[in-house]
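J.: Sharing a structure here in structure tokens format.
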Amino acid sequence: MLHRLSLRFRKEWLYLLMLLPGVVLTAIFSYGPLYGIIMAFQDFNPALGFAGSKWVGMDNFKLIFSQPSFLSTIYNTFFISIFKIIFGTLASVVFALQLNEIRQNGPKRIYQTIVYIPNFISWVIMAGILTDILGSNGIVNEVIMALGAKPVQFISNRSVFPWTLIFSDVWKTFGFGTVVYLATMTSIDPELYESAVIDGAGRWRQTWSITLPMLVPIIILMTVLALGNVLSAGFDQVYNLYSPVVYPTGDIIDTYVYRLGLQNGKFAIGTAVGLFKSLVSSVLISASLIIAYKTAGYKVF
Amino acid sequence: MHFRTRGQKIFNVVNYILVTLVCLSCLLPIINTLAISFSAPSYVAAGQVYFWPLGFTTQSYEFAISNGKFFRAFGIAIERCVLGVSINLLMMITTAYPLSKSKDKFPSRNFFMGFYVFTMLFGGGLVPWYILMRNLGLLNSIWALVLPLSVPVSSMAILMNFMRSLPQEIEEAAAIDGAGNFRILWSIMLPVLTPSLATVGLFSFVYHWNDWFQGALFMNNPNRYPLQTYLQTLLTNFRDLLRQSGSDYYSLLQRMNEQTGRASQLFLGLVPILVVYPFVQKYFTTGLVMGSVKG
Amino acid sequence: MKARKLVSMALALIMLLTACSALADFTPVPVGERGTGTREYVEPPEGDWLQPYSEIVNIRTVKGQGSDVVFENGEDQSNNYWIRGWYNDLGIEVTYDWIDEGNTQYTQKLNMTIATGDLPDVFRCNYVTFRQLVKAGALQDITEVYEKYACQRVKDYEKTDPDTIKTCMVDGKLYGVPIYYYGVIDNPRYMWVRKDWYEEEGSPELKTVEDFEKLAHTLMEKHGCYGISIANTFEHLFMTGPMFNVYLGNPDQGSYYWYKDADGRIKAGIAHPEFKTALTYWAKWYQDGILSPDFVNKTFDDMNEDVVNGKAAFQPYYQWQGWQNGPNLVAAQGSNDAYMIPLQFPTIDGSQVLGQVGFPNADIVVVSKDCKNPAAAMKLINYTDHIMFDPSTVLTEEEFKGFTDGQREHIPGAFEVIDPQADMIQFEHVLKAIETGDTSELFTSGMKKKYGDSMMWINEKNTGGLGAYLQQGFEGCAYYNAKYLLDNNYVKKTDMWGPPPEEFDETVNTIDIITTGVSEIIMGIRPVDDYDQILADWYAAGGQIMEDAVNKYYNVQ
Numbered sequence: 000m001l002h003r004l005s006l007r008f009r010k011e012w013l014y015l016l017m018l019l020p021g022v023v024l025t026a027i028f029s030y031g032p033l034y035g036i037i038m039a040f041q042d043f044n045p046a047l048g049f050a051g052s053k054w055v056g057m058d059n060f061k062l063i064f065s066q067p068s069f070l071s072t073i074y075n076t077f078f079i080s081i082f083k084i085i086f087g088t089l090a091s092v093v094f095a096l097q098l099n100e101i102r103q104n105g106p107k108r109i110y111q112t113i114v115y116i117p118n119f120i121s122w123v124i125m126a127g128i129l130t131d132i133l134g135s136n137g138i139v140n141e142v143i144m145a146l147g148a149k150p151v152q153f154i155s156n157r158s159v160f161p162w163t164l165i166f167s168d169v170w171k172t173f174g175f176g177t178v179v180y181l182a183t184m185t186s187i188d189p190e191l192y193e194s195a196v197i198d199g200a201g202r203w204r205q206t207w208s209i210t211l212p213m214l215v216p217i218i219i220l221m222t223v224l225a226l227g228n229v230l231s232a233g234f235d236q237v238y239n240l241y242s243p244v245v246y247p248t249g250d251i252i253d254t255y256v257y258r259l260g261l262q263n264g265k266f267a268i269g270t271a272v273g274l275f276k277s278l279v280s281s282v283l284i285s286a287s288l289i290i291a292y293k294t295a296g297y298k299v300f
Numbered sequence: 000m001h002f003r004t005r006g007q008k009i010f011n012v013v014n015y016i017l018v019t020l021v022c023l024s025c026l027l028p029i030i031n032t033l034a035i036s037f038s039a040p041s042y043v044a045a046g047q048v049y050f051w052p053l054g055f056t057t058q059s060y061e062f063a064i065s066n067g068k069f070f071r072a073f074g075i076a077i078e079r080c081v082l083g084v085s086i087n088l089l090m091m092i093t094t095a096y097p098l099s100k101s102k103d104k105f106p107s108r109n110f111f112m113g114f115y116v117f118t119m120l121f122g123g124g125l126v127p128w129y130i131l132m133r134n135l136g137l138l139n140s141i142w143a144l145v146l147p148l149s150v151p152v153s154s155m156a157i158l159m160n161f162m163r164s165l166p167q168e169i170e171e172a173a174a175i176d177g178a179g180n181f182r183i184l185w186s187i188m189l190p191v192l193t194p195s196l197a198t199v200g201l202f203s204f205v206y207h208w209n210d211w212f213q214g215a216l217f218m219n220n221p222n223r224y225p226l227q228t229y230l231q232t233l234l235t236n237f238r239d240l241l242r243q244s245g246s247d248y249y250s251l252l253q254r255m256n257e258q259t260g261r262a263s264q265l266f267l268g269l270v271p272i273l274v275v276y277p278f279v280q281k282y283f284t285t286g287l288v289m290g291s292v293k294g
Numbered sequence: 000m001k002a003r004k005l006v007s008m009a010l011a012l013i014m015l016l017t018a019c020s021a022l023a024d025f026t027p028v029p030v031g032e033r034g035t036g037t038r039e040y041v042e043p044p045e046g047d048w049l050q051p052y053s054e055i056v057n058i059r060t061v062k063g064q065g066s067d068v069v070f071e072n073g074e075d076q077s078n079n080y081w082i083r084g085w086y087n088d089l090g091i092e093v094t095y096d097w098i099d100e101g102n103t104q105y106t107q108k109l110n111m112t113i114a115t116g117d118l119p120d121v122f123r124c125n126y127v128t129f130r131q132l133v134k135a136g137a138l139q140d141i142t143e144v145y146e147k148y149a150c151q152r153v154k155d156y157e158k159t160d161p162d163t164i165k166t167c168m169v170d171g172k173l174y175g176v177p178i179y180y181y182g183v184i185d186n187p188r189y190m191w192v193r194k195d196w197y198e199e200e201g202s203p204e205l206k207t208v209e210d211f212e213k214l215a216h217t218l219m220e221k222h223g224c225y226g227i228s229i230a231n232t233f234e235h236l237f238m239t240g241p242m243f244n245v246y247l248g249n250p251d252q253g254s255y256y257w258y259k260d261a262d263g264r265i266k267a268g269i270a271h272p273e274f275k276t277a278l279t280y281w282a283k284w285y286q287d288g289i290l291s292p293d294f295v296n297k298t299f300d301d302m303n304e305d306v307v308n309g310k311a312a313f314q315p316y317y318q319w320q321g322w323q324n325g326p327n328l329v330a331a332q333g334s335n336d337a338y339m340i341p342l343q344f345p346t347i348d349g350s351q352v353l354g355q356v357g358f359p360n361a362d363i364v365v366v367s368k369d370c371k372n373p374a375a376a377m378k379l380i381n382y383t384d385h386i387m388f389d390p391s392t393v394l395t396e397e398e399f400k401g402f403t404d405g406q407r408e409h410i411p412g413a414f415e416v417i418d419p420q421a422d423m424i425q426f427e428h429v430l431k432a433i434e435t436g437d438t439s440e441l442f443t444s445g446m447k448k449k450y451g452d453s454m455m456w457i458n459e460k461n462t463g464g465l466g467a468y469l470q471q472g473f474e475g476c477a478y479y480n481a482k483y484l485l486d487n488n489y490v491k492k493t494d495m496w497g498p499p500p501e502e503f504d505e506t507v508n509t510i511d512i513i514t515t516g517v518s519e520i521i522m523g524i525r526p527v528d529d530y531d532q533i534l535a536d537w538y539a540a541g542g543q544i545m546e547d548a549v550n551k552y553y554n555v556q
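Residue numbers (numbering that gives the first Met the number 0), protein chains in the order written: chain Z, 0 to 300; chain A, 0 to 294; chain L, 0 to 556.
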């Protein structure tokens, strides 16, 4: 037994040595504060601390989940998140492919920079611009009316609002994915394309049978990573765009919890909701890992 | 290498047009914001500013830059980014490389992978984090801003997958030549990984540059705020200031307002990113894999 | 190759910066540095409070502060008129454990500091934190210290509203001193109307809601605008509640106004039977175009944008509307008469409207259990009153500026109590000075500033002074209206006269039910009669808990 262990160590020690600094830092800064989770089960009073605060079991969870509107909030969060992931991935991949077709390096770089820029505009500012563009008298509705259709209440119509959130977010953030997918494409072996050309494959065929399959692993990875955040459907965006009239379809968990007034020391409820989000994300990530492995034979982590 | 058919030519034209349109839609908000940042508040409050400043003024920028605080905060932000990105890159490389190995080569791999994935999902919250920082004596220190998330797991996973996707022959060839793990990582892997390192490095830079919350939380002395925290403090209570009696602010309000202030804040924060980005981007567009194997 | 260079460079830089920042971290940082004064007990000097301790006493505190505090002549947080004043006049050295500039994370940071167990000696907190600290036994009973060392002027603050200080007592013991704020004069809201348009119609008196609607329609036709500009949070629409004899509070902050019904039970304003009248009118206004058809899309900025662009004739707003929209309105319309003036709300039956007044105190100055020199805290509080509000204090012009210019009046942080009569007295003196031209009785910085600003508008039409002018510069200004209401006791105080009870924590976002329902009713998606159901839902979701708690603590029979 001891011998086996030492043999294993001899094989691994270099890897372990490499991992050491990261593991130590992570242990201190990520695992160190983990005990804070117990706050979710306490009536937390900062002055009494973790040791002195009253243990209340599941009360914090009960309070949140007994709210009729909280369940619809969970549904909204899922709905908005999932479609953001789907359309966001689609947009990033398609745009990366389009950019990849541009052979001149100059324009390619400029375009790539431009689509990354909206990532940096905060939602406070972006929301101001969006309400201008999408309002009743905004430019979008003027076009719609010029085409003879009825104006669309993008911001205040309950059934439209989630889609406004989804598409504005996709538009703002797809540049991020594009960067990753493009970096992947540039690392594809050019010989693969050369031999495909010799076989008489056109660009569509090349894209379809070389580029896309090479992208699949990274697409799966990015999706799994996004699933880890599925219950955070974009606080800043929703907070800056929603209003009471669209709460039934537009309110997400984070905005709901924010309105509780966490600033006012309601740490415990915030922690309880956070723990709930973590658990759900864990289940989703595990499921997606299994699916990715069973269907594509691909190990994400 | 590319012989062109008519269909491809049409495709190219259509492709160019589509890409240009998308880029245009991404560009307009930023131009609008730029115009607002240089406009007089009365035009902005009236919603008249679109793509060109009205009543041109640099007041909003002067407001932010006027005192020494801006440059001090700028310096701290640079310091944080250099430290933070360097640490992140080193940690990501040394973490992703062992984890990119198969279970046969590195039996404990899955344990450590799980160790990291867990941190992506579970956290203890702010209070114990703050207590930890205080007990480690890191409050008010730049290390409080760069050490906590030294291994960004998402980026590390991306890098790890890049490493895995590299053709096995590269490493095997080197191993046969008698190169050790560190040698392989250093002289074979790193050059090949440039585009992906540039990618995760950029993400790390953007994170450290944009984060303002940790600065507000862990810095006891406003003189040690990094730039985004400083810019944030300028504007968050702008509206509340109006409610207070007896303020010198009122004359300033004629020359700038919350909206122009935010707009200029965006650009002051964005400039370094726009400077760094094209520099980093150089690495994205150069495929290197084959070059290194052949060479 | 490139990546390797990059990594080597990174390594070198880390080492370099480690060395540098190690050095930088040890360069003296004034804030957070422990002082040289003693932290042991020192006997406070006998007699007048304005005397230094025999030995310098150190007091640790924390503060959140606007980023607009300007230091001049090389001064900073650790060296300025206040710090020197405390040191020389009181023998107290004040050091800050931390300062939250921008004042956005104060509560957050305070809570975490409390969790570390290392409390500052004196600090400021809200009622939620106050209760938690008392419960944990972390605060000092200052009943005797307050009695002995608070100066008479500060004790007289109590007289303005005797209930305020009671909110800082637990079991008859005093655990803190309320900040008091500027008193209730800044509380009432008004119906602001475009001055030029209003005068064009001969400044008709608006007694009834009908009068108001008539004027609104006239202005709408004449100027192609709509009636009232509001935001989709209902913060501003709810201000018009008094027109229908309901007092509502601010739904955006989840705060309610409370009234006593005929049976003596305290209820939330939204449960008042007349609220349905308000809803009926609001729905009608939406149909008539008095409310913008697009109001659900309007953010705070959009609301003000419409005012500035002359798209709305009225705006329900606070007394500081002149700062918010005055200068922009004048500039955008290109006319010195294009600004808004405050009118009292008309009422449905033409009766006198009441000004709605909320409980004015939100924060408390408290002393940690471990503080050895609680008397020093009282002296520091006295000192703020001494410099800022006491008319008998004589300061040179230079000292005066040193203490108060550039927002430096906010330097005291935790010790910054405010004379609750300050704004009322200030207004009386400013208006008198404007009317008589005699400036000799302007004795506080606020008075001088408000007077100067008002004159700037009156004489030079400089819009920088418009805010002050509309607040207190003429007969008909906001404070003039407030004073009228207060002097005649035309006031509706909330019946929850104090902080929200702890039981409110057991309810979650119940106001959503109301705001969502109200927007549907106004837009005509649901009939007004549905409100009974909405209200029932509100009660079921937590309204009942709140109502019971308010009655438990505030319904003194």
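Don't be surprised by glycine CBs; every beta carbon is placed ideally from N, CA and C.
Which residue comes first and which comes last in the beta strand (DSSP E) that contains Thr557 (chain L)?
T.: Nothing can be reported for residue 557 (chain L): it is not among the residues displayed for chain L, which extend from 0 to 556.
J.: Run through the segment 71-103 of chain L for me and flag every whole alpha helix (DSSP H) of 4 or more residues, listed as ranges in chain order.
T.: 80-84
J.: Which same chain residues, not among the five before or five after Glu501 (chain L), have their C-beta less than 8 Å away from its C-beta?
T.: The answer, listed in chain order, is Arg130, Ala548.
J.: Mind checking the segment 18-42 of chain Z against chain L and listing, in chain order, the residues whose C-beta falls within less than 7 Å of any C-beta there?
T.: none
J.: Could you check the C-alpha separation between Val205 (chain A) and Arg182 (chain A) for me, to the nearest Å?
T.: 30 Å
J.: If you run the structure through DSSP and keep just helix, strand and coil, what is Met339 (chain L)?
T.: strand
J.: Please go through the same chain and pick out, in chain order, the residues whose beta-carbon is closer than 7 Å to the beta-carbon of Ala95 (chain A), but skip the five residues on each side of it.
T.: Met155, Leu158, Met159, Met162
J.: Does Pro45 (chain Z) have its Cβ less than 8 Å from a Cβ in chain L?
T.: yes
J.: Could you pull the DSSP bridge partners for Trp191 (chain L) from this structure?
T.: Bridge partners of Trp191 (chain L): L:Gln314, L:Pro341.
J.: Sort L:Asn102, L:Tyr197, L:Tyr280 by Cα distance to Lys221 (chain L) and report the nearest one.
T.: L:Tyr197
J.: So the beta strand (DSSP E) Ala232 (chain Z) belongs to, where does it begin and stop?
T.: Element bounds for Ala232 (chain Z): n/a, residue is neither H nor E.
J.: Taking the alpha carbon of Met90 (chain A) as the point to measure from, which residue in Z:Gln152, Z:Leu16, Z:Ile79 has its own alpha carbon closest?
T.: Measuring from the Cα of Met90 (chain A), the nearest candidate turns out to be Z:Leu16.
J.: Please name the residues in the segment 38-63 of chain A whose beta-carbon is closer than 7 Å to at least one beta-carbon of chain L, in chain order.
T.: Pro40, Ser41, Ala44, Ala45, Gly46
J.: When you compare the CB of Trp211 (chain A) with every CB in chain Z, is at least one pair closer than 8 Å?
T.: no
J.: By a C-beta neighbour count over all protein chains shown, 10 Å radius and 16 as the cutoff for buried, is Gly174 (chain Z) buried or exposed?
T.: buried
J.: Between which two residues does the beta strand (DSSP E) carrying Cys124 (chain L) extend?
T.: 121-125
J.: Quick one: which chain A residues come within Cβ less than 8 Å of Arg202 (chain Z)?
T.: Neighbours of Arg202 (chain Z) across chain A, judged by C-beta separation under 8 Å: Gln7, Phe10.
J.: Measuring alpha carbon to alpha carbon, tell me which of L:Ala481, L:Asp262, L:Lys460 ends up nearest Asn550 (chain L).
T.: L:Asp262
J.: Does any residue of chain A have a CB that is nearer than 8 Å to the CB of Met144 (chain Z)?
T.: no
J.: Taking all protein chains shown into account, decide if Trp319 (chain L) is buried (16 or more other Cβ within 10 angstroms of its Cβ) or exposed.
T.: buried
J.: Determine the closest residue to Leu70 (chain Z) out of Z:Thr172, Z:Pro212, Z:Leu133, Z:Ile252, with distance taken between C-alpha atoms.
T.: Z:Ile252
J.: Per DSSP, which residues does Asp42 (chain Z) bridge with? Please list them.
T.: Z:Lys53
J.: State the DSSP-derived secondary structure class of Gln332 (chain L), mapped to helix, strand or coil.
T.: helix
J.: I want to see whether chain L comes within less than 8 Å of Val179 (chain Z), judged by CB atoms only; does it?
T.: no
J.: Between Phe119 (chain Z) and chain A, is the shortest Cβ-Cβ distance under 8 Å, so that the two count as touching?
T.: yes
J.: Taking 7 Å as the limit between beta carbons, can you name the residues of its chain near Ala270 (chain L), skipping five residues before and five after?
T.: Leu534
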